[in-house]
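Visitor: Quick one: structure below, then a few questions.
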């Protein structure tokens, strides 16, 4: 530019202008070079961040990179490879403060499951449980049952602060759910068990208000049936915080035996008013009278046991019934594997674990016609149903089930398939575990 202007006799001012332009070009070139260096540094910085993130993720979940391959079959189809979910590495442990009745077998299995998965679980309970469970006792006041739980809240609050959990896990809304909400620690997961919302939650204004107060403070409300989830939402639980995940059963334990005891009718429900054992005795009596091969076995215990034993002695043929008492899981599985029919006269249920155990074991269900049961079986498809409290209808349902061996075989195949598809304890509890881990990460 300077040479061209000078050759034309450009004035000195023009020369100065050309020099300025030359300096501007130099500055532009330096700016471009600076931007290139900045982009290179940024790419290096981002690369370091990506490596750090990938290494952190690998430490948290070593199988993340091959998870999708583990969860499909060898041919890449949609069906999971055999036991794939059971082989996945355990994720980082969560500190869980569980509040529940330590004397109840469902609480014991819940705690043992999460401990076996590598989580640190401390259980607090007003009711004593097996020593091996290691439940931490809460003070019990000489008060009516519904007041004992809030009275224990200050002591529990101090212990919870010392334990510093990632998650509070409370079972049964009116007592331990209330206790967990009173402590005020979050995140709070509340598990509804069925009658706490389907019966107690609808009994009166005070019970409804208590359930609503607890459910509105929960970060997660776990239910095991759609009718229970609907009840939770109706009582005030936030729509996005309600999850329906059946606990399921151990499909390796509950399986059919090679031979069945023809005519064996089995009940495994507790002997308390909710399960209406008088209707069961009255409904079974005509069947035993007409069928010499039929007999009744009742597993379980409860406050009505003496009353039910007296009723059975009056109404049933001698030597054709027996009370088995409280059985452990192995004992229940052994009886279900042999039984021809499983019978339940419950007046209310969400997802009944006893029903799922029977379905997995091939004991054909004859159960009361409840919304919770209809989520798993239909009348004539896998089961026979009868109106709750109707002993005559129960008799008819039992007779229809016993008279058709071909139908029973078809029902057993259907029920086992449903159990394998929807009631696998390992898979379903894995879904609950994932929700717990998500809550713990977001705390």
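In full-length UniProt numbering, the protein residues as written are 1 to 443. Here a beta-carbon is modelled for each residue, glycine too, at the ideal position from N, C-alpha and C.
Would DSSP call residue 415 helix, strand or coil?
Guide: Residue 415: helix per DSSP, three-state reduction.
Visitor: Specify, as a first and last residue, the run of the alpha helix (DSSP H) that residue 97 falls within.
Guide: Taken as a continuous stretch (DSSP letters only), residue 97 belongs to no alpha helix (DSSP H), being part of the beta strand (DSSP E) at 95–99.
Visitor: Could you tell me whether the stretch 124–143 touches the stretch 94–105, using the rule of 3 or more Cβ pairs below 8 Å?
Guide: Yes: at least three Cβ pairs fall under 8 Å.
Visitor: Count the other CB atoms within 10 Å of the CB of residue 282; is the residue buried (16 or more) or exposed (fewer)?
Guide: Counting Cβ neighbours within 10 Å, residue 282 comes out buried, since at least 16 surround it.
Visitor: Is it the case that the stretch 389–403 contacts the stretch 283–300, given that we only count it when at least three CB pairs across the two stretches are under 8 Å?
Guide: The stretch 283–300 is in contact with the stretch 389–403.
Visitor: Hey, which unbroken runs of the beta strand (DSSP E) at 3 residues or more fall wholly within the stretch 278–311?
Guide: Listed in chain order, they are 295–299.
Visitor: For a minimum of 3 consecutive residues, which ranges assigned as the beta strand (DSSP E) are wholly contained in the stretch 217–274?
Guide: Runs of the beta strand (DSSP E) inside the stretch 217–274: 220–223, 242–244, 264–267.
Visitor: In chain order, which continuous runs of the alpha helix (DSSP H) of length 4 or greater are located wholly inside the stretch 151–175?
Guide: For the stretch 151–175, whole alpha helix (DSSP H) runs of length 4 or above, ordered along the chain, are 153–163.
Visitor: Between residue 217 and residue 439, what straight-line distance do the alpha-carbon atoms span, to the nearest angstrom?
Guide: Near 14 Å, if we compare the C-alpha coordinates of residue 439 and residue 217.
Visitor: Quick check on the burial criterion: 16 or more other C-beta atoms within 10 angstroms. Buried or exposed for residue 258?
Guide: Exposed is the call here.
Visitor: On the criterion of 16 or more Cβ atoms from any shown chain inside 10 Å, does residue 442 qualify as buried, or is it exposed?
Guide: It counts as exposed.
Visitor: As a quick exercise: from 144, 210, 157, 334, pick the residue whose alpha carbon is nearest that of residue 264.
Guide: It is 334.
Visitor: Shortest alpha-carbon distance to residue 242 belongs to which of 223, 235, 254?
Guide: Nearest option by C-alpha distance: 223.
Visitor: What residues are listed by DSSP as bridge partners for residue 342?
Guide: According to DSSP, which records beta bridges pairwise, residue 342 is partnered with 266, 365.
Visitor: Within its chain, find whatever has a CB closer than 6 Å to the CB of residue 313; leave out the 5 residues flanking it on each side and keep chain order.
Guide: Hits under 6 Å: none found.
Visitor: When the Cα atoms are used, what is the spatial distance from residue 404 to residue 219?
Guide: Distance between the alpha carbons of residue 404 and residue 219: 49 Å.
Visitor: Can you round the beta-carbon distance between residue 364 and residue 320 to whole angstroms, since I take them to be within the 8 Å contact cut?
Guide: Their Cβ separation, rounded to whole angstroms, is 20 Å, which puts residue 364 and residue 320 out of contact at 8 Å.
Visitor: Decide if the stretch 367–381 is in contact with the stretch 322–332; the criterion is three or more beta carbon pairs, one per stretch, under 8 Å apart.
Guide: The answer is no - the stretch 322–332 does not touch the stretch 367–381, with fewer than three Cβ pairs under 8 Å.
Visitor: What are the boundary residues of the alpha helix (DSSP H) that includes residue 107?
Guide: Looking at the DSSP string, the run of the alpha helix (DSSP H) that includes residue 107 is 105–116.
Visitor: For the beta strand (DSSP E) that contains residue 326, what are its first and last residues?
Guide: That residue, residue 326, is in no beta strand (DSSP E); it is neither H nor E in DSSP.
Visitor: Tell me which residues share the same chain as residue 444 and place their Cβ nearer than 8 Å to its Cβ, disregarding the 5 neighbours each side in the sequence.
Guide: Limits of the chain in this structure are 1 at one end and 443 at the other, which puts residue 444 out of reach.
Visitor: With DSSP as the reference, label residue 374 as helix, strand or coil.
Guide: Looking at residue 374 - three-state DSSP - the assignment turns out to be helix.
Visitor: Helix, strand or coil, according to DSSP, for residue 193 in the structure here?
Guide: Of the three classes helix, strand and coil, the one that applies to residue 193 here is coil, per DSSP.
Visitor: Measuring CA to CA, which of 213, 254, 227 is closest to residue 238?
Guide: Checked all of 213, 254, 227; the closest Cα to residue 238 is 213.
Visitor: Check whether the Cβ atoms of residue 300 and residue 326 lie closer than 9 Å to each other.
Guide: Yes, these two residues count as a Cβ contact at 9 Å.
Visitor: Under the rule that 16 or more other beta-carbon atoms within 10 Å means buried, what is residue 451, buried or exposed?
Guide: This structure leaves residue 451 out entirely; the chain is present only between 1 and 443.
Visitor: Take residue 206 as the anchor and find which of 357, 322, 359, 174 has the nearest alpha-carbon.
Guide: Cα-wise, what sits closest to residue 206 is 174.
Visitor: Report the rounded CA-to-CA distance for residue 392 versus residue 142, giving the unit in angstroms.
Guide: Their backbone Cα atoms lie some 44 Å apart in a straight line.
Visitor: Please report the distance separating the alpha-carbon of residue 302 from that of residue 348.
Guide: Computed Cα separation, rounded: 17 Å.
Visitor: Would you say residue 262 and residue 340 are within 9 Å of each other, going by their C-beta atoms?
Guide: Cβ atoms of residue 262 and residue 340: closer than 9 Å.
Visitor: Give the secondary structure of residue 438 by DSSP, where H, G and I count as helix, E and B as strand, and everything else as coil.
Guide: Correct three-state label for residue 438: helix.
Visitor: Looking only at C-alpha atoms, which of 197, 253, 145, 155 sits nearest to residue 172?
Guide: Nearest of 197, 253, 145, 155 to residue 172, Cα basis: 197.
Visitor: Can you find the residues in the same chain that come closer than 6 Å, C-beta to C-beta, to residue 273, ignoring five residues on each side of it along the sequence?
Guide: Around residue 273: no qualifying Cβ.
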